[in-house]
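Undergrad:
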Amino acid sequence: MENTHLATTEAAVAAIRGIGEEFARTMSVSDDIGADRTSRRTASAPFTVFDPDGSLPHEAFVELAGTPAVSVQLFPEDDAKIIVDGVEFHDVPRDRVPAFLRSVYGGLAFTKGRLFPPGQWLVVPLPGDETYKELITGPGLTPWLASSIR
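With my numbering applied, the sequence shown corresponds to residues 34 to 183, in that order.
1) Between Pro158, Pro172, Asp111 and Thr144, which has its C-alpha nearest Ser180's C-alpha?
2) Can you say whether Glu163 is buried or exposed, counting buried as having 16 or more other CB atoms within 10 angstroms of its CB?
3) Counting only the same chain and skipping the five closest in sequence on each side, list residues whose C-beta sits under 6 Å from that of Thr175.
4) Alpha carbon to alpha carbon, what distance is there between Glu96 and Ala132?
5) Does DSSP put Ser61 in a helix, a strand or coil?
6) Near Gly53, what residues of its chain come up, given a Cβ to Cβ distance below 8 Å and the 5 sequence neighbours on each side ignored?
7) For Arg147, report the span of its beta strand (DSSP E) as first-last.
8) Can Val137 and Val157 be called in contact, C-beta distance under 8 Å?
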């Protein structure tokens, strides 16, 4: 499924639902449909539902239960923001979301500390030598982040 093009937000939600079932995670989904409802369309006139090209933008927010805590915000612009135990990954291509979640739930994601520059990083490797890495901010590591240190 990672190599397929997720052309719509609905297709991405269906792919996430499949991963949730595969890894025994329950999920909740909330949808915002229309230019007046999606988060990146703040310049739209009030009560304007369609984009200027006539399309109907669709955004979804998905929360997956369990450890680690994961949420995915899917944007109409073919990208997503994924939050894993409080660590935010911005601008993940929508097509890469299933592979990202499989890496997290499949035990491939790990925490890495460095002395210089100092800090802890959450590293999520994907097939094809693609890796997402974000600095862990906040007062400390969650139990899941601490258990995945390499």
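Glycine is no exception: its CB is placed at the ideal position from the N, C-alpha and C atoms.
TA: According to the data block:
1) Thr144
2) exposed
3) Asp118
4) 17 Å
5) strand
6) Thr59, Met60 and Leu97
7) Phe143 to Arg147
8) yes
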